[in-house]
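Q: Questions regarding the structure given below will be posed in turn.
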Amino acid sequence: GINAEYGVTLPPGELEETLSEFAYQHFSAYFQHMQSRFTTETQGPDNALLVRGLDRFYRRLQPVHTLLPSASLDRIASEIVTNTIRCRIQYFSETLHSHYSETVSDVKQSLLVSQPPQFEGQNTLSDIMSTMKASLVGKLKLVLVNVKEFISADITFSNKPYFRGPFCVHDIKQGLVLKYIEHMLQHVSTLGDNLPPSLLLVMARLCLDLETNTISYLSTLTEEMFPPDQSAVPEQLSPTVTELTTLAHDTVQQVLTRYVSVKGLSISQMIHTSVKTRDWLSAVEPRNVRAAMKRVVEEITDLDTQIGSLFEEGAVRGPNSDSSRRATSHNGSRIASSKYKYTPSDTESSLLNKLFNDQVEIFGTIQFTKLSILTGIIKIGLKAFLESVRLRTFGKFGLQQVQVDVYYLREYLWRFVEEERLLNFLLEEVISSAVDRCIDPVTMEPSVIMLLCEPS
3 GINAEYGVTL PPGELEETLS EFAYQHFSAY FQHMQSRFTT ETQGPDNALL VRGLDRFYRR
63 LQPVHTLLPS ASLDRIASEI VTNTIRCRIQ YFSETLHSHY SETVSDVKQS LLVSQPPQFE
123 GQNTLSDIMS TMKASLVGKL KLVLVNVKEF ISADITFSNK PYFRGPFCVH DIKQGLVLKY
183 IEHMLQHVST LGDNLPPSLL LVMARLCLDL ETNTISYLST LTEEMFPPDQ SAVPEQLSPT
243 VTELTTLAHD TVQQVLTRYV SVKGLSISQM IHTSVKTRDW LSAVEPRNVR AAMKRVVEEI
303 TDLDTQIGSL FEEGAVRGPN SDSSRRATSH NGSRIASSKY KYTPSDTESS LLNKLFNDQV
363 EIFGTIQFTK LSILTGIIKI GLKAFLESVR LRTFGKFGLQ QVQVDVYYLR EYLWRFVEEE
423 RLLNFLLEEV ISSAVDRCID PVTMEPSVIM LLCEPS
């Protein structure tokens, strides 16, 4: 090459190298400015404007790159585009997290204000959960539509290998979609105290839906919207769909166990207070069921409605159906009968029964069904009833009042448990303990108890 003014002659290879260095030096300030400007734009609301700006920036550098490929201008421009898009994805990720937090906060406030939940035309927890899930999934879909603009066919840089491999798998599917789901599950597993228990139910159902279908649905949707070239598919990172499905299952288990504990404690406190504050030695002859027992049944009935709107009924073990209930109605009178007469033989028999009967697991594994959840709550409540009775001393009429209360509970709670035999076992233990703690153990006739427990 010849410089006409100075008469300097350079070899062609050296001339191109000199020109490349010259271009690189003068473009450096431009690149720094554009990176700064694009980074600022990643926090803005107009995604289409950012896409057009990146496309124009990259396209206008292509002629220079063609003339001076050794200047590495295309590589630097590609890095600026990639860095900008990753910043934009991070912005969208933070937007999704904020939307999730706001949505959960709105549901929490609504449940705190409305007990039972009936607000904005939504009469069941199922309606609330469905609305929340639709909002969370809808927001994610909107984000995916925006991000897809970066790989539109008319975008110059969309044919780069990065956008047909790592972008689709690492940045979008795992970095955005699956990380968003992981964030939700981790948040649910760390929910703090002072929450309405119904929120725990709603979040448990949300996680159950994630486990059963939503995670796989969103994964498939993402792969369809961002299909990577099979030759460019990179190694998958954590979290995977399988890992998230397992995490969702464990989270449901954790939240439902906590819900059962919270509601079981509430029922237990109600029962314990009613037993503790009563003078059982000087009690008068029972005339009706105590109000506390009626409140327990009312509370369980309300929980049945709430839980039933979110979870399936579940399998019944043993004769819990109405037909079998009628066929075995006389068996229930065992609780009201005089079999608990305080004699040495009966006492010894009771002790032997305690030794050889199957032990009731109070804090067992909760299945994801209505009956399992209610059974867990009832078991905790009745265990508290049993322990409270063991701490009191009863007169004759105090014992008979316990008989009436226990018979009432059985007549109404059998339909809420997985296994009626378990309910009978716990209630019989309550009466047996009351007999053991009674100074004058004379039981009431079953026919009288049944009459007292009839609806007025």
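Per the working numbering: the sequence shown = residues 3 to 458. From the three backbone atoms N, C-alpha and C, an ideal C-beta is built for every residue, glycine too.
Compare the Cα-Cα distances from residue 47 to each of 213, 145, 84 and report the closest residue.
A: When only C-alpha atoms are compared, the closest one is 145.
Q: Quick one: what's got a C-beta closer than 7 angstroms to residue 135's C-beta in the same chain, skipping five residues either side?
A: Contacts found: 208, 211.
Q: In angstroms, rounded to a whole number, what distance separates the CA positions of residue 170 and residue 218?
A: Their backbone Cα atoms lie some 16 angstroms apart in a straight line.
Q: Could you give the first and the last residue of the continuous alpha helix (DSSP H) run that contains residue 455?
A: Unbroken alpha helix (DSSP H) run through residue 455: 448 to 455.
Q: Closer than 7 angstroms by C-beta to residue 254: which residues in its own chain qualify, once you throw out the five before and the five after it? Chain order, please.
A: The answer, listed in chain order, is 206, 209, 210, 213, 370.
Q: State the Cα-Cα distance for the pair residue 279 and residue 317, rounded to the nearest angstrom.
A: Those two C-alpha atoms are separated by around 38 angstroms.
Q: Identify the residues that DSSP records as bridge partners of residue 440: which are they?
A: Residue 440 pairs with 396.
Q: Using a threshold of 8 angstroms, state whether the C-beta atoms of residue 221 and residue 243 are closer than that.
A: In this structure, residue 243 lies closer than 8 angstroms to residue 221 by Cβ.
Q: Would you mind giving the Cβ-Cβ distance between residue 453 and residue 311, rounded to the nearest angstrom? I have them listed as a contact below 8 angstroms.
A: Residue 453 to residue 311, Cβ: 36 angstroms. No contact.
Q: In terms of residue numbering, what span does the alpha helix (DSSP H) encompassing residue 175 cover?
A: Looking at the DSSP string, residue 175 is not in any alpha helix (DSSP H), and its letter there is neither H nor E.
Q: Taking the beta carbon of residue 393 as the centre, do at least 16 other beta carbons fall within 10 Å, making it buried, or is it exposed?
A: By the 10 Å Cβ count, residue 393 comes out exposed.
Q: Do you know how far the Cα of residue 106 is from the Cα of residue 232?
A: Going from the Cα of residue 232 to the Cα of residue 106 covers about 38 angstroms.
Q: So residue 177 and residue 91 are in contact, right, with Cβ under 8 angstroms, and what is the actual spacing, rounded?
A: Yes, residue 177 and residue 91 are in contact; Cβ-Cβ is about 6 angstroms, under 8 angstroms.
Q: For the alpha helix (DSSP H) that contains residue 94, what are its first and last residues?
A: That run of the alpha helix (DSSP H) goes 75 to 115.
Q: DSSP state of residue 297, grouped into three classes?
A: It is helical.
Q: Candidates 44, 137, 87: which alpha carbon is nearest residue 104's?
A: Ranking 44, 137, 87 by Cα distance to residue 104 puts 137 first.
Q: Would residue 412 be called buried (16 or more neighbouring beta carbons within 10 Å of its own) or exposed?
A: It is buried - the Cβ of residue 412 has at least 16 other Cβ atoms within 10 Å.
Q: Go to residue 135, then tell me how far its alpha helix (DSSP H) extends in each direction, as first and last residue.
A: Note, residue 135: alpha helix (DSSP H), 127 to 150.
Q: Taking just the CA atoms, how far does residue 404 sit from residue 446?
A: When rounded, the distance between both Cα atoms is 10 angstroms.
Q: Which runs of the beta strand (DSSP E) fall wholly inside the stretch 169 to 231 and span at least 3 residues, in chain order?
A: Whole beta strand (DSSP E) segments, 3+ residues: zero.
Q: I'd like the list of long-range same chain contacts for residue 78, defined as Cβ closer than 8 angstroms, with 5 residues on each side in sequence excluded.
A: Here the set comprises 29, 33.
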